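S.K.:
Protein chains in written order, with my numbering: chain A, 2 to 300; chain B, 38 to 717.
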């Protein structure tokens with residue numbers, strides 16, 4: 002039975018002004034459960050509530066109502082952070098430190114002994130490919146390099162849950178590939194990963210499940226492979242047979258009669274990008290919650 | 038027998054705090070800090086308890102309410118309710134710390150707080166104590182979660198941030214006072230050369246440390262929030278208070294480095310510069326004074342010294358006349374062993390008096406005084422007959438013996454019958470000469486010594502040697518107690534002004550005995566500790582405010598609170614309702630009516646309304662005065678520039694006061710940062 006790493010119950014965040022008047026509902030009654038070993042994607046346009054969700058999980062924001070639990074602990078508890086690694090969107094690190102000092106600093110925040118810190122920092126600097134630049138201060142780094150050192154700091158404590166906000170932001174195609182491979186590699190090691198991204202192809206490549214948010218509401222939730230299925234059409238894959246009009250007309254009944262071999266027969270997929278854009282468009286015309294969680298059955 | 042006028046003038050409007058003041062200070066601290074804690078606890082409990090029962094676990098974790106907090110809150114409220122009851126019933130008033138009545142325009146003398154056992158101060162103290170215990174519980178519990186490694190990491194980062202951003206360049210400005218000495222621009226008396234240099238370097242060091250310290254501290258956390266670097270910090274398993282502590286220690290360390298460099302630089306400059314001989318003799322030393330308590334007595338028991346009407350003058354005056362019974366008396370309850378050592382010949386007594394002339398007097402002449410030194414065994418009584426200014430020995434037989442013995446020695450000296458002694462009278466005996474031995478022996482035998490017709494100048498330091506034998510006598514046995522239980526002081530020093538038509542003004546710090554002397558260099562570095570405390574206060578306040586406010590607001594608020602310390606006496610006047618011209622509302626009324634501050638106002642409805650407004654305002658001022666740091670307690674420049682030793686006890690007290698002041702700010706910052714949404 003899989004272990005729940007993150008759980009939100011009716012998690013809501015409302016921003017208020019100085020007088021306590023409601024300014025914006027950033028997140029509305031989010032119910033989510035993320036299991037151990039999953040790569041979970043949070044998708045949504047700007048202002049949809051995905052970064053708010055992450056900040057709530059990290060305790061950077063406090064919920065207006067509802068609750069969030071990480072490793073079974075309330076998000077406000079500091080102790081849970083022992084097992085979390087966080088890469089913020091812009092890699093907000095101290096730019097006057099060099100790579101080694103940065104990792105040493107964050108290692109100290111985890112109260113790691115000196116030897117462990119040094120060993121771990123050296124490993125991570127190698128992993129993120131900054132061995133030649135480890136003595137340069139971050140101010141001199143390119144955005145991609147900062148993203149790499151940001152990832153290294155997120156992994157300094159060998160976390161069980163890694164939260165990545167726009168992990169491929171600023172990376173070139175090679176860097177993006179490297180990042181995606183690393184994420185998949187982390188999954189193989191049993192880590193749980195939550196990632197936010199605007200790069201839908203990246204999400205589609207690595208995520209097991211996704212949640213799509215719009216206007217603070219959860220619009221879709223499910224496995225990527227399921228969500229991108231188009232239930233109204235069928236896809237037939239065939240080989241060794243030319244695709245003629247006659248074949249198309251009589252396909253279902255006559256493939257075998259024409260001497261071909263039916264290799265697959267299923268639902269064709271659209272791209273995640275199409276799905277995402279369609280949901281956003283639909284949400285604009287029909288405000289409110291679209292996703293309804295399945296009715297729970299007693300175990 | 039007046040020593041050359043080469044001694045220091047240390048204006049002591051208040052004595053430095055010593056360990057003896059600790060009980061009183063702790064009681065007042067509990068009352069003040071506890072009062073704020075009580076308000077905080079009530080607000081906190083109301084906030085936590087008004088939340089719904091099924092509030093999220095995250096909210097419960099953020100604002101825990103324990104049985105301990107509730108019980109402490111209840112006990113605190115009970116104490117405050119008891120205080121209000123006692124106050125309204127006029128029961129158990131604090132009579133120990135009552136501010137004495139002063140004439141309008143007179144400075145209210147400062148008395149360090151004394152521990153008061155009456156009901157009202159005790160209720161306030163316990164109310165505060167319980168409130169602090171209640172509000173401090175989560176704080177104390179979380180202190181155990183703090184880890185040095187994390188705090189040190191944050192300390193280092195704060196230090197490196199400033200260092201690598203090259204903010205240290207601002208301290209280069211420090212060399213300016215040395216490149217352009219003040220004496221180039223304004224004429225300075227030779228004997229004031231060191232004073233001016235010390236003042237100038239101290240001022241520039243203070244300015245250069247306080248301002249950058251407050252700026253860096255005020256902007257640090259807000260910048261972390263603005264740049265979002267704090268996201269990657271608080272998403273780690275750190276206690277948020279560690280961020281505050283890390284910043285605090287980081288910036289304190291950061292400011293300590295230039296402070297050490299500047300102090301060392303100043304010291305090097307002073308040590309290598311040619312300083313006028315007079316200035317060296319007057320101020321380049323560290324005297325260890327032994328101070329007593331001043332009181333005034335005359336034939337009338339009611340006499341408390343004369344107020345000559347000088348506004349803001351904290352001195353009282355005695356009238357000059359050969360037949361006056363008015364005396365300024367310094368009482369020394371204890372005599373340190375160092376002053377009474379058998380190897381010691383004489384103990385210098387130094388003084389600086391103010392002359393208020395009722396007649397012109399003689400040209401180029403000061404006024405004449407007599408000084409009488411007595412041990413407790415030689416009690417003195419004021420004259421009982423009008424017109425008789427002589428104070429008598431309580432034991433008249435002993436007085437006769439003393440006079441006879443002294444006359445006999447003088448007779449022998451006059452005839453040259455004492456071998457090895459060339460002087461013709463004991464009046465001319467000087468310390469470290471054979472004749473002084475007879476002075477010492479007499480003083481040790483009778484506990485009495487007197488010098489007559491000593492000339493003093495207006496506000497000019499002078500001194501006389503006092504035989505050490507008198508102090509040896511004073512240390513013998515235990516002085517008796519009077520009817521009211523007050524123990525007689527071991528030594529008393531009586532000053533009488535004998536110049537007709539002149540008045541001599543003095544305050545407690547104007548006369549002292551020289552217990553010993555230390556080096557100027559040691560004193561110089563000790564003085565820097567006081568400055569360090571001041572900088573630390575500014576950093577602590579700025580960081581606390583920055584946990585909630587924006588950088589610029591925190592900086593301005595810190596500046597406001599800090600600068601208020603320099604006007605605290607006036608604030609206290611307004612808070613206590615003793616300000617000349619009334620509070621802000623009455624003053625405004627006076628401005629509108631073009632009335633002077635001392636003019637009697639008509640009791641119109643407007644004036645009465647203004648007075649009510651002032652009462653409300655004085656309540657606010659009293660609360661505000663309680664959060665203003667006691668900057669004067671940390672300032673040792675006067676000690677240094679006048680050549681007085683800064684005791685380690687004073688510095689230890691500085692540290693205790695610093696800790697006591699910053700602790701409530703620390704608790705406040707703990708709650709502010711803990712409940713702050715850093716990503717909002």
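Where a beta carbon is used, it is the ideal one built from N, C-alpha and C, also for glycine. Since this is a predicted model, take the numbers as computed values, not measurements.
With 8 angstroms set as the bound, which would you pick, yes or no: does the beta-carbon of residue 187(A) sit closer than that to a beta-carbon of chain B?
M.R.: Not an interface residue.
S.K.: Are the C-beta atoms of residue 147(A) and some chain B residue less than 8 angstroms apart?
M.R.: no
S.K.: Does any residue of chain B bring its CB to less than 8 angstroms from the CB of residue 56(A)?
M.R.: yes
S.K.: I'd like to know whether the C-beta atoms of residue 98(A) and residue 164(A) end up nearer to each other than 8 angstroms.
M.R.: no
S.K.: Does the distance from the C-beta atom of residue 342(B) to that of residue 354(B) stay below 8 angstroms?
M.R.: yes
S.K.: So which of 475(B), 431(B), 467(B) and 458(B) has the shortest CA-CA distance to residue 442(B)?
M.R.: 475(B)
S.K.: Does the distance from the C-beta atom of residue 328(B) to that of residue 546(B) stay below 8 angstroms?
M.R.: yes
S.K.: Along the chain, which unbroken stretches of the beta strand (DSSP E) at least 3 residues long are found entirely within the segment 324–401 of chain B?
M.R.: The beta strand (DSSP E) runs lying completely inside the segment 324–401 of chain B and spanning 3 residues or more are 330–334, 353–356, 364–369, 383–388 and 391–394, given in chain order.
S.K.: When Cβ atoms are compared, which residues of the segment 42–67 of chain A fall closer than 8 angstroms to chain B?
M.R.: 56, 59, 60, 61, 62, 63, 64, 66 and 67
S.K.: Provide the residue span of the alpha helix (DSSP H) that contains residue 59(A), from first to last.
M.R.: Taken as a continuous stretch (DSSP letters only), the alpha helix (DSSP H) holding residue 59(A) covers 51–59.
S.K.: On a CA-only basis, which of 552(B), 536(B), 555(B) and 532(B) is nearest residue 544(B)? Give me that one, please.
M.R.: 532(B)
S.K.: Give the DSSP-derived three-state secondary structure of residue 133(A) in the structure shown.
M.R.: helix
S.K.: Can you tell me which of the three DSSP states residue 706(B) falls into?
M.R.: helix
S.K.: What residues of chain A sit near residue 265(B), judged by a beta carbon separation below 8 angstroms?
M.R.: 89, 91 and 93
S.K.: First and last residue of the beta strand (DSSP E) that includes residue 501(B)?
M.R.: Its beta strand (DSSP E) spans residues 499–504.
S.K.: Along chain B, which residues have their Cβ under 8 angstroms away from the Cβ of residue 85(A)?
M.R.: What residue 85(A) touches in chain B: 272.
S.K.: Give a yes or no on whether 8 angstroms exceeds the smallest Cβ distance from residue 239(B) to chain A.
M.R.: False, the Cβ-Cβ gap to chain A never drops below 8 angstroms.
S.K.: Residues of chain B with CB under 7 angstroms from residue 1(A), in chain order?
M.R.: For chain A, the structure presents residues 2 to 300; residue 1(A) sits outside this window and is missing.
S.K.: Quick check on this structure: which residue in 155(A), 53(A) and 86(A) has the alpha carbon closest to the alpha carbon of residue 100(A)?
M.R.: For residue 100(A), the closest of 155(A), 53(A) and 86(A) by C-alpha to C-alpha distance is 155(A).
S.K.: Within 10 angstroms of its Cβ, does residue 47(A) collect 16 or more other Cβ (buried), or is it exposed?
M.R.: exposed
S.K.: Leaving out five residues on either side along the sequence, give the residues of the same chain with a beta carbon under 7 angstroms from the beta carbon of residue 469(B).
M.R.: Answer for residue 469(B): 382, listed in chain order.
S.K.: Pull up the distance between the alpha-carbon of residue 660(B) and that of residue 549(B), whole angstroms please.
M.R.: 37 angstroms
S.K.: Give me whichever residues DSSP pairs with residue 12(A) in a beta bridge.
M.R.: In the DSSP assignment, the residues bridged to residue 12(A) are 31(A).
S.K.: Beta carbon of residue 320(B), beta carbon of residue 679(B): below 8 angstroms?
M.R.: yes
S.K.: Helix, strand or coil for residue 563(B), going by three-state DSSP, please let me know.
M.R.: Reduced to three states, the DSSP call for residue 563(B) is helix.
S.K.: In the DSSP assignment, find the alpha helix (DSSP H) that holds residue 492(B) and state where it starts and stops.
M.R.: Residue 492(B) -> not in any alpha helix (DSSP H); beta strand (DSSP E) instead, spanning 485–493.
S.K.: Looking at residue 408(B): is its Cβ nearer than 8 angstroms to the Cβ of residue 487(B)?
M.R.: yes
S.K.: Which first and last residues belong to the alpha helix (DSSP H) in which residue 548(B) is found?
M.R.: Where residue 548(B) is concerned, there is no enclosing alpha helix (DSSP H), although the beta strand (DSSP E) it sits in stretches over 548–555.
S.K.: Does the ligand NAP have even one heavy atom less than 7 angstroms from the beta-carbon of residue 81(B)?
M.R.: With respect to the ligand NAP, the structure shown offers nothing to examine, as it has no ligands at all.
S.K.: Please list, in chain order, the residues of the segment 190–209 of chain B that have any C-beta partner in chain A closer than 9 angstroms.
M.R.: 190, 191, 193, 194, 197, 198, 200, 201 and 202
S.K.: Mind checking which residues open and close the alpha helix (DSSP H) that includes residue 410(B)?
M.R.: First-last for residue 410(B): 404–412, but that is the beta strand (DSSP E), not the alpha helix (DSSP H).
S.K.: Can you pull the chain B residues whose beta carbon is under 7 angstroms from the beta carbon of residue 160(A), in chain order?
M.R.: Correct list: empty, because the minimum Cβ distance to chain B is about 10 angstroms.
S.K.: From the beta carbon of residue 132(A), is the nearest beta carbon of chain B less than 8 angstroms away?
M.R.: Not one chain B Cβ lies under 8 angstroms of residue 132(A).
S.K.: Just verifying my parser: in three-state terms, what is the DSSP assignment at residue 134(B)?
M.R.: It is coil, neither helix nor strand.
S.K.: So the alpha helix (DSSP H) residue 221(A) belongs to, where does it begin and stop?
M.R.: Premise fails: residue 221(A) lies in the beta strand (DSSP E), 218–224, not in any alpha helix (DSSP H).
S.K.: Between the segment 273–294 of chain B and chain A, which residues of the former have CB atoms less than 9 angstroms from a CB of the latter, in chain order?
M.R.: Shown in chain order are the members of the segment 273–294 of chain B whose Cβ falls below 9 angstroms from a Cβ of chain A: 273, 274, 275, 276, 277 and 279.
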